[in-house]
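Heads up, the thing below is written out as structure tokens.
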Amino acid sequence: MTDEVYQRVTQVQEQIEQESLRLVEQARESRDPDRWKTPWVEPTPLAEKIVDQVWPGRSGRFLVLAWSLIQQRMEDNQPTPNGRHDPLADELGAMIEAEMREHPTTTPF
146 MTDEVYQRVT QVQEQIEQES LRLVEQARES RDPDRWKTPW VEPTPLAEKI
196 VDQVWPGRSG RFLVLAWSLI QQRMEDNQPT PNGRHDPLAD ELGAMIEAEM
246 REHPTTTPF
């Protein structure tokens, strides 16, 4: 690969990253209550830790949606479950399951 090609590839990657960050920020600012169903929520390690404690043993798409939902709730100053026995865990888990049933292949994860 020539230096010129390398520079172009690097520049395009940087542009894609900047656009992605812009879209994530735009989604956060919009406060759309359904943004957790899109790829425009970036879960933090705290969101992932909460999900691991609330829904242990879950995997795949459920986890990805749960991470996004918990992250969105934290960003919107909404409560998150305190553990797997918290009634909110059942409510949010049902929302995630409903999304998976309603859109089995269209959720972008």
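Using this note's numbering, read the sequence shown as starting at 146 and increasing by one per residue. The beta carbon of each residue, even a glycine, is placed where N, CA and C say it ideally should be.
With respect to the 8 Å criterion, glutamate 187 and valine 209 are not classified as neighbours on the basis of their beta carbons. In the displayed model, arginine 229 falls within coil according to three-state DSSP, outside both helix and strand.
The three-state secondary structure of proline 190, taken from DSSP, is helix.
Going by DSSP, arginine 206 is part of the alpha helix (DSSP H) stretching over 205-220. For arginine 180, there is no enclosing alpha helix (DSSP H), as DSSP gives it neither H nor E.
DSSP, read as helix, strand or coil, puts glutamine 223 in coil.
In the three-state scheme derived from DSSP, where H, G and I count as helix and E and B as strand, arginine 176 is classed as coil. A straight line joining the alpha-carbon of proline 178 with that of tryptophan 212 spans about 15 Å.
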